[in-house]
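Report on the structure given below.
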Amino acid sequence: MSQRKKILYGLFGIIIGLCVGALFRNYRTLEIVSMCNSINSMKQKTALEIIGLHPSEMPDNSQRNLVFVGVMTAKDFLQSRAKAVYDTWGKNIPGRIAFFSSEESVAENLPLVALRGVDDRYPPQKKSFMMLHYMYEHYIDRFEWFARADDDVFVRTDKLEQFLRSIDSSKPQFIGQAGRGNSEEFGLLSLEFDENFCMGGPGVIMSRETLRRVAPHIPTCLKNLYSTHEDVEVGRCVQKFAGIPCTWNYEMQSILHHNSSGNRAFSGNLKNKEVHSAITLHPVKRPALMYRLHAYTLGLKAQEFRQQSLLLHRDIAQMTTLLQIPKINKNLAPGVPIFPQDETSPAYLGDHNVLDLNRHRPAHLGELIEWDFIAKSLYSAMHPNPKRKIESSLKEGLNDVVREIMEHINNFSRQRGR
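Here's what the structure looks like:
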């Protein structure tokens, strides 16, 4: 009897094993078929179709042909970092974006370019050069600027557009955070005393003229590599064939910002000068932090829009008063008033004296506002002991006010010669 049970158990195990094996085999077959279909669909797409660009769109007839951003990524990061980039700042580029990865890479939900003959080995020297060559072959006349980015960089697209539109794109430009290597690499990068390179992490931007001069010589640059650093070799190639170095500008450290905290970068408080003033922020190693940065910058943009709306409403109110325009005509459209609230309402947007300290006149003792006196110690009506730290809420508010005032003061510093 026991022998028969063993035989039955053995047969049952064999049957289960065959069934599970068949399931895995069918799943793998379906996966391979799906991958082949994806590869075929990618191959059928043209370079313009990949990035969703109409053949008639050119820089002189479209506002969305300012910059083309090529993001270098790897097959393992397509559904994590690359997807986070595309879901956040990638869809708001004043131009187009594409992700460049190895030949075997497949992603239906991304504008992906699988570079032929390129793998995901690090450092990605070949991938970087071939990406630039692909840009030159397919998009050189379609955009004014070309940017090289990593999949762990966050870009403030509104600031990027404002920055690029202030520079002449017809001249050779090579914009980035200039570097010469660290102390351990000094003398090992084959750089002359007056040569530099644009650090790849925070991003590199080049004008159409620069790419036009460099791209035909990329095979030569690939055959003559003097270091293992991809950004160093790109900088050397640009210096040799375009005749320009990376921008020698101290300000680039804050415009294209690199945080040296590594994986912990941008995981803390985002209310700081670097986040508010930078165009690019690097590195953002986790997708969750990329979404967090995006949400924070959207909040900043909403604040700017509210402030602009308030100033415009105040200007309209002042001009309508000076021009003696009747209240009935103060409408954006029939039945849609410019000022939904009456002038006596606290929510009235046309009052220029809202921020005036003399506006509030207390009628009795209970309406008096208590003030804190901040010196070496904090003196407050609420606390009898002055020797204590400022509360976190008050400290955060003061920091916000000081930062905003300094940003406003420095907004036109270049025009005023400071």
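In full-length UniProt numbering, the protein residues as written are 1 to 418. In this text, a Cβ means the ideal position worked out from N, Cα and C, and glycines have one as well.
Subject >> Close Cβ partners of A178 (< 8 Å) along its chain, the five nearest in sequence each way excluded >> reply: N196, F197, C198, M199, P245, C246, T247, W248, N249 and M252
Original post:
Is the distance from the Cβ of F241 to the Cβ of R213 below 9 Å?
Top reply: yes
Original post:
Pick from F163, M406, A114 and F143: whose alpha carbon is nearest that of T46?
Top reply: A114
**OP:** Return the Cβ separation of V153 and G203 in integer angstroms, given the expectation that the two are a contact with Cβ distance under 8 Å.
**Re:** 6 Å
Original post:
In terms of alpha-carbon separation, which member of Q303, G95 and M382 lies closest to W371?
Top reply: M382
Original post:
What's the C-alpha gap between F146 and H138?
Top reply: 12 Å
**OP:** Compare the C-alpha of K127 against each of D231, G52 and M206 and name the closest.
**Re:** D231
Original post:
Does DSSP classify P219 as helix, strand or coil?
Top reply: helix
Original post:
Taking the alpha carbon of I374 as the point to measure from, which residue in G235, K395, P362 and E104 has its own alpha carbon closest?
Top reply: K395
Original post:
Which residues does DSSP pair with R96 in a beta bridge?
Top reply: F68
Original post:
Straight-line CA distance for M206 to Q173?
Top reply: 5 Å
**OP:** Have a look at the DSSP bridge pairing and note the partners of V153.
**Re:** V153 is not bridged to any residue.
Subject >> Which of helix, strand or coil DSSP assigns to M206 >> reply: strand
Original post:
Are A265 and V284 closer than 9 Å when you measure CB to CB?
Top reply: yes
Subject >> Given 8 Å, three or more beta-carbon pairs between the stretch 261-278 and the stretch 403-413 >> reply: yes
Original post:
From which residue to which residue does the beta strand (DSSP E) around T280 run?
Top reply: T280 to H282
Original post:
With DSSP run on the structure shown, which of helix, strand or coil describes N37?
Top reply: Interpretation of N37 is limited by its pLDDT of 46, a score under 50 that renders its predicted location unreliable; the figure taken from the coordinates is listed afterwards. The answer is helix: DSSP assigns N37 an H, G or I state.
**OP:** Following the continuous alpha helix (DSSP H) through H138, name the residue where it begins and the one where it ends.
**Re:** Q125 to Y139
Original post:
Taking E103 as the reference, which of D150, M130 and R142 has the closest Cα?
Top reply: M130
Subject >> Q79 to G10 span [Cα, whole Å] >> reply: 42 Å
**OP:** Label residue 419 either buried or exposed according to how many other C-beta atoms from any shown protein chain fall within 10 Å of its C-beta, with 16 as the threshold for buried.
**Re:** The structure shown does not extend to residue 419, since the chain spans only 1 to 418, so no value can be given for it.
Original post:
F373 bridges to which residues according to DSSP?
Top reply: Y379
Subject >> Delimiting residues of the alpha helix (DSSP H) encompassing H258 >> reply: From DSSP, H258 is part of no alpha helix (DSSP H) but of the beta strand (DSSP E) over L256 to H258.
Original post:
Span of the alpha helix (DSSP H) holding V113?
Top reply: Looking at the DSSP string, V113 is not in any alpha helix (DSSP H); the run it does join, the beta strand (DSSP E), is L112 to A114.
Original post:
When DSSP builds the beta bridges, which residues end up paired with I175?
Top reply: I205
**OP:** Can you say whether N411 is buried or exposed, counting buried as having 16 or more other CB atoms within 10 angstroms of its CB?
**Re:** exposed
Original post:
Can you list, in chain order, the residues of its chain whose CB lies under 8 Å from that of T29, leaving out five sequence neighbours each side?
Top reply: Any reading at T29 is ruled out, since the residue's pLDDT is 45, under 50, leaving its predicted position unreliable.
Original post:
V71 and F99: beta carbons closer than 9 Å?
Top reply: yes
Subject >> Selection from D150, I338, S166 and L110 that minimises the alpha carbon distance to G201 >> reply: D150
Original post:
Hey, out of K83, L66, E108 and Y122, whose CA is closest to G95's CA?
Top reply: L66
Subject >> Beta carbon proximity, G397 to chain C, threshold 9 Å >> reply: No chain C appears in this structure, which consists of one protein chain only.
**OP:** Measure from the alpha carbon of L110 to the alpha carbon of each residue in R361, T88 and P123, then state which is nearest.
**Re:** T88
Original post:
Thinking C-beta only, is A278 closer than 9 Å to H257?
Top reply: yes
Subject >> Runs of beta strand (DSSP E) lying entirely within the stretch 225-277, each at least 3 residues, in chain order >> reply: 256-258
**OP:** Compute the distance between the beta-carbons of Y226 and A84, then report whether it is under 9 Å.
**Re:** no
Original post:
So the alpha helix (DSSP H) G397 belongs to, where does it begin and stop?
Top reply: S392 to N410
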